[in-house]
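Peer 1:
Number of protein chains: 2
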Amino acid sequence: MPTQLEIAMNTMIMIFHRYSCREGDRFKLNKGELKMLLQQELTDFLSCRKDPELVDKIMQDLDANKDNEVDFNEFVVMVAALTVACNDYFVEQLKKKGK
Amino acid sequence: MPTQLEIAMNTMIMIFHRYSCREGDRFKLNKGELKMLLQQELTDFLSCRKDPELVDKIMQDLDANKDNEVDFNEFVVMVAALTVACNDYFVEQLKKKGK
Numbered sequence: 001m002p003t004q005l006e007i008a009m010n011t012m013i014m015i016f017h018r019y020s021c022r023e024g025d026r027f028k029l030n031k032g033e034l035k036m037l038l039q040q041e042l043t044d045f046l047s048c049r050k051d052p053e054l055v056d057k058i059m060q061d062l063d064a065n066k067d068n069e070v071d072f073n074e075f076v077v078m079v080a081a082l083t084v085a086c087n088d089y090f091v092e093q094l095k096k097k098g099k
Numbered sequence: 001m002p003t004q005l006e007i008a009m010n011t012m013i014m015i016f017h018r019y020s021c022r023e024g025d026r027f028k029l030n031k032g033e034l035k036m037l038l039q040q041e042l043t044d045f046l047s048c049r050k051d052p053e054l055v056d057k058i059m060q061d062l063d064a065n066k067d068n069e070v071d072f073n074e075f076v077v078m079v080a081a082l083t084v085a086c087n088d089y090f091v092e093q094l095k096k097k098g099k
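So the protein lines, in turn, are chains H and C. Going letter by letter, the first sequence gives residues 1 to 99 in UniProt numbering. Going letter by letter, the second sequence gives residues 1 to 99 in UniProt numbering.
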């Protein structure tokens, strides 16, 4: 039986492919696919930001090789960076509570 | 309600802290904690490798700042790298099947 961490790793793979296979290169996210993924899978993250250019900015930041598409490596870098930010917040709250 | 991706991100944070809080610095994994995490949470990954020095090697690779401990950023880099490797394997299998 897979562990929780293995399930989490598998989730990242499945979510990426659920959106990347919709249009064009099925192993990469174009801007429309990235936007849909962010809106549907990171709702809390996007909902607190009212910047209409956010998806463009994220695409530019993620797209390390400048092909206007996000591959799986670039996607995982985004998830890792967001997770580190969430962890920083979590640790800060723990320290504030003196735990 | 959190999405699958948000649950996966939360899982990485919770798993790390479940082991990091056991000994010494509660926000970092020492070698014993890392070994326990790998054995219990990445069983499939470890079970196919019979190298008794594997934990030492992983610790050396992950410990970017050479303090003999693995912080959350270093842990997330490991999970990201493993997930990319799993995805590469998954994509290769898909392409072999001609899907």
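Yeah, the Cβ is synthetic: ideal placement off N, Cα and C, and Gly gets one too.
Excluding sequence positions up to five away, which residues of its chain have a Cβ less than 8 Å from the Cβ of H/I15?
Peer 2: L37 and E41
Peer 1: Going by alpha carbons, who is nearest to H/I13 out of C/D88, C/F27, C/K95 and C/D63?
Peer 2: C/D88
Peer 1: Name the residues in the stretch 14 to 27 of chain H whose C-beta lies less than 7 Å from a C-beta of chain C; which are they?
Peer 2: I15 and F27
Peer 1: What residues from chain C crowd round H/L5, counting only those whose CB sits closer than 8 Å?
Peer 2: In chain order: T11, M12, I15, E41, L42 and V79.
Peer 1: Exposed or buried, H/A85, counting other C-beta atoms within 10 Å across all chains shown (16 or more means buried)?
Peer 2: The residue is exposed, with fewer than 16 neighbouring Cβ atoms inside 10 Å.
Peer 1: Looking at C/N30: is its Cβ nearer than 9 Å to the Cβ of C/N68?
Peer 2: Yes, Cβ-Cβ distance for C/N30 and C/N68 is below 9 Å.
Peer 1: Report the residue from H/T83, H/K28, H/I58 and H/R26 whose alpha carbon sits nearest the alpha carbon of H/Q39.
Peer 2: H/I58
Peer 1: List, from N- to C-terminal side, the alpha helix (DSSP H) runs of 4 residues or more that fit wholly inside the UniProt domain "EF-hand" (50 to 85) of chain H.
Peer 2: 54 to 62
Peer 1: Please report the distance separating the alpha-carbon of C/M1 from that of H/R26.
Peer 2: 29 Å
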